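**Q** From first to last, the protein sequence lines are chains A and B.
Those letters in the first sequence? Residues 98 to 290, by this note's numbering.
Those letters in the second sequence? Residues 3 to 180, by this note's numbering.
Below you'll find the structure I mean.
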Amino acid sequence: MTELDERLARAVRAAYERTPPLDPTARERILDALRAEASPGPGMRSFGWLLRPRTLRLAPLAGVMAALALVLAGSFAGWVSRDRMREATPDSYLVDRGAAPGRVVEFVLVAPNAARVALVGDFNGWDIEAAPMRRVNAGDTWRIAVPLAEGRHVYAFVVDGSRWLADPAAPLAPEDGFGYRNSVVVVARPEPT
Amino acid sequence: MTDAALVARVLGGEREVFSALVERYSDPCTRFAQRLLGNRQDAEDAAQETFLRAYRALGRYHEQDTFRAWLYRILVNQCRSLARRRARYQRRVTSDGLAVERATAPSLEHAGDVRDALQHALDRLEPLLREAFLLKYGEGLDYGAMAEITGSGVSALKMRVKRACDALRPELEEIFHD
């Protein structure tokens with residue numbers, strides 16, 4: 098006999114179904130852990146463009162780099178030069194050495210055909226309603242200024258509610274294993290002089 | 003709403019809709035993990051890790067697979083990882099010269115652990131046999147679905163189920179005698 102007879106199979110199944118269910122606090126822990134997660138990206142199977150953003154109309158490179166820089170509201174001592182941004186690698190970060198805790202950082206994106214753009218990141222729970230960007234002078238540029246705590250932050254832009262875009266000018270966070278890239282900004286403590 | 007429809011909504015930006023999938027599958031997943039791992043705490047950890055990984059990888063779910071099979075594949079792998087970690091711990095305990103009894107106990111007892119006669123019988127099976135037995139007789143899956151979930155071939159799975167049944171039958175007969 099290779100398998101259980103029907104009577105035994107039914108008895109096993111009945112005992113199995115009597116296994117106590119998850120208690121509510123354990124389920125709540127699962128939901129809490131999920132809430133702390135970034136939104137799942139649309140996924141490589143249908144959004145290959147994620148790896149090469151196509152929504153930007155790139156003006157001459159110099160102009161674009163300027164527009165895409167992270168700009169600080171306030172004093173700019175020691176902020177990153179354009180050359181450093183161009184050679185950014187996945188494990189380096191844009192660092193503003195002049196930043197103080199609670200620094201306001203301005204994010205800028207050139208996206209002329211977008212109807213709406215949101216800034217999402219670990220500082221706002223990846224919530225696309227939290228930081229809608231404003232189109233500047235009805236033109237191609239979108240911007241928002243947000244206060245960021247000291248430290249490393251991961252962020253991206255969401256265009257028209259569903260198209261995710263890493264900041265083309267910023268270093269990328271290490272690939273998360275599922276084809277989705279975010280950008281990184283580090284707001285550093287000022288170095289002692 | 004079907005699993006696939008819920009997944010599409012989550013990927014469309016409605017993150018909180020994933021909780022509906024958690025509602026649907028957290029009990030079945032924990033139940034399977036409890037019976038496989040023999041203790042509730044590990045089962046809850048495996049279930050939590052399963053949902054986190056499923057959420058992160060949701061963009062890779064293809065509608066051709068059933069969501070349940072896709073989810074259970076993650077669950078089975080999480081249970082295997084947990085069991086390996088626990089086995090490493092037990093091996094260290096043994097090599098420290100502590101009581102052999104503790105090292106061979108299937109799990110430390112915790113409040114809420116299922117310690118019925120079925121579990122006692124299951125605990126004596128090798129993990130892969132237990133896994134196959136539970137997928138077939140606990141979850142009621144056919145061999146095709148089991149193959150999808152475990153990545154093993156149907157004939158290997160049939161052999162595991164046979165060996166599990168042969169090992170368990172006497173004890174099950176005794177537990178469930180009329």
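Glycine included, every Cβ here is placed at the ideal spot set by N, Cα and C.
Quantities reported herein were computed from a predicted structural model and do not represent experimental measurements.
Which residues in chain A sit within 8 angstroms of G142/B, going by Cβ to Cβ distance?
**A** Below the 8 angstroms Cβ cutoff, chain A contributes R110 as neighbours of G142/B, in chain order.
**Q** Using a threshold of 8 angstroms, state whether the C-beta atoms of T152/B and V78/B are closer than that.
**A** yes
**Q** With a threshold of 8 angstroms between beta-carbons, can T116/A be considered close to chain B, or not?
**A** Chain B contact via Cβ: present.
**Q** Quick one, are the C-beta atoms of F178/B and A108/A less than 8 angstroms apart?
**A** yes
**Q** Less than 8 angstroms between the C-beta atoms of L39/B and A56/B, yes or no?
**A** no
**Q** Measuring alpha carbon to alpha carbon, tell me which of L174/B, A35/B, L54/B and A169/B ends up nearest A45/B.
**A** A35/B
**Q** How many Å lie between M67/A and A212/A at the Cα?
**A** Residue 67/A is absent from the model: chain A starts at 98 and stops at 290.
**Q** Is M141/A close to chain B? Criterion is C-beta to C-beta, closer than 8 angstroms.
**A** With a pLDDT of 34 at M141/A, under the threshold of 50, the modelled position of that residue is not reliable, and no figure is offered here.
**Q** Determine the direct distance from the alpha carbon of E134/A to that of A169/B, and round the result to whole angstroms.
**A** 43 angstroms
**Q** Assign H250/A to one of three DSSP states: helix, strand, or coil.
**A** Strand, per DSSP.
**Q** Kindly indicate if chain A contains any beta-carbon less than 8 angstroms away from that of V24/B.
**A** Nearest CB-CB separation between V24/B and chain A: below the 8 angstroms threshold.
**Q** Using the rule of at least 16 other Cβ atoms within 10 Å of the residue's Cβ for burial, across every protein chain shown, is V163/B buried or exposed?
**A** It counts as buried.
**Q** Answer with yes or no whether the minimum CB distance from G125/A to chain B is below 8 angstroms.
**A** Reading off the sequence, residue 125/A comes out as Glu, not Gly. It does not: the Cβ of E125/A has no partner Cβ on chain B nearer than 8 angstroms.
**Q** What number of angstroms, rounded off, separates the C-alpha of P118/A from the C-alpha of R132/B?
**A** 20 angstroms
**Q** What in chain A is Cβ-close to G255/B, meaning under 8 angstroms?
**A** Because chain B in this structure spans residues 3 to 180, residue 255/B falls outside the shown range and cannot be described.
**Q** To test your reading of the DSSP string, which unbroken alpha helix (DSSP H) runs of 4 or more residues are found completely within the segment 139–172 of chain B?
**A** 145–152
**Q** Suppose you measure from the CA of M148/B to the CA of E18/B; what does that come to, to the nearest Å?
**A** 30 angstroms
**Q** Given this structure, state the Cα-to-Cα distance separating G14/B from S259/A, to the nearest angstrom.
**A** Straight-line spacing of the CA atoms in G14/B and S259/A works out to 6 angstroms.
**Q** Please classify F69/B: does DSSP put it in a helix, a strand, or coil?
**A** helix
**Q** Compute the Euclidean distance between the alpha carbons of H122/B and E100/A, then round it to the nearest angstrom.
**A** Each residue's alpha carbon lies about 20 angstroms from the other.
**Q** With 8 angstroms as the threshold, decide whether the Cβ of E111/B is near any Cβ in chain A.
**A** Annotation note: pLDDT 49 at E111/B (below 50); position unreliable, no value reported.
**Q** For L105/A and chain B, any beta-carbon pair shorter than 8 angstroms?
**A** yes
**Q** With 16 as the cutoff for other CB atoms within 10 Å, does R115/A come out buried or exposed?
**A** exposed
**Q** Cβ atoms of D115/B and R42/B: under 8 angstroms apart, would you say?
**A** yes
**Q** According to DSSP, what are the bridge partners of L130/B?
**A** Partner(s): none; L130/B has no beta bridge.
**Q** Does DSSP put T4/B in a helix, in a strand, or in coil?
**A** coil
**Q** Return no unless some Cβ of chain B is closer than 8 angstroms to the Cβ of L128/A.
**A** Answer yes: the Cβ-Cβ gap between L128/A and chain B drops below 8 angstroms somewhere.
**Q** Go ahead and pull the three-state DSSP assignment for F135/B.
**A** helix
**Q** Based on DSSP bridge pairs, tell me the residues matched to W261/A.
**A** Looking at the DSSP output, W261/A bridges to V255/A.
**Q** Can you give me the Cβ contacts of V24/B inside the same chain, cut-off strictly under 7 angstroms, excluding the 5 residues immediately before and after it?
**A** F53
**Q** Three-state secondary structure (DSSP) at A130/A?
**A** Helix, per DSSP.
**Q** Just by C-beta distance, which residues in the segment 122–147 of chain B are closer than 7 angstroms to chain A?
**A** Y139, G140 and G142
**Q** Looking only at its own chain, which residues have a Cβ that is under 8 angstroms from the Cβ of F135/B, when we skip the five neighbours before and after it?
**A** L124, L127, R162, V163, A166, C167 and L170
**Q** Is it the case that the Cβ atoms of H45/A and F204/A are separated by a distance below 8 angstroms?
**A** An answer regarding residue 45/A cannot be provided, because it is not within the stretch 98 to 290 covered by chain A.
**Q** DSSP three-state label for R292/A, please.
**A** Since the displayed chain A opens at 98 and closes at 290, residue 292/A lies outside it and no answer follows.
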